[in-house]
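Asks: Pasting a structure below so you can have a look.
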Amino acid sequence: MRTLIGAVAAVLMITGAALAAEAEGQVKSVDKDKSVITLDNGKSYKLPGEFDVDNIKPGMEILLAYDVVEGENLITDMELPQ
C-alpha cells in the first residue's frame, strides 16, 4: 500500500512539473481589468492578483514562466527589462 501511495505521489509531482512552461516576447496589449497580458505571439497570460499591472507596457520585451491551469495560462514568474 505504501508503495502505491508513493508511486501515485511521484506521478502527480512529475505531471505538475510537466505543465510548467516559459514564454518570451513583446507585450502586445494589457487588460488591466482582467489582469491579462497578450504577447506578440497572440497568446494571453493571467497575472497574479498581487501584481501591479501598471509596470507592464505594450512594446516591452518580457520573459515569463507560467502554468496551465484549467486551460488558462497563469504566470508564476516574470522578468521585466531593467
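Going by mature numbering (1 follows the signal peptide of the UniProt record, and there is no 0), the letters in the sequence shown line up with residues -20 to -1, 1 to 62, in that order.
Glycine included, each C-beta is placed from N, C-alpha and C at the ideal position.
In this text the structure is predicted, and so the values were computed from the model without any measurement.
1) Taking the alpha-carbon positions, what's the Q6 to E41 distance?
2) Near P28, which residues of its chain fall below 7 Å by C-beta distance, leaving aside the five closest residues on each side in sequence?
3) Between the C-alpha atoms of K26 and V16, what's the straight-line distance to the nearest angstrom?
4) What is the residue span of the beta strand (DSSP E) that D57 lies within?
5) Tell me, to the nearest whole angstrom, how far the beta carbon of L43 is from that of E59; I am working on the premise that it is less than 8 Å.
6) How far does the beta strand (DSSP E) with D11 in it extend, from its first residue to its last?
Replies: According to the data block:
1) Each residue's Cα considered, the two are about 4 Å apart.
2) The answer, listed in chain order, is I55.
3) Take the alpha-carbon of K26 and the one of V16: they are about 4 Å apart.
4) Per DSSP, D57 belongs to the beta strand (DSSP E) from E52 to E59.
5) The C-beta distance from L43 to E59 rounds to 4 Å, short enough to meet the 8 Å contact threshold.
6) Annotation for D11: the continuous beta strand (DSSP E) segment containing it runs A(-1) to D11.
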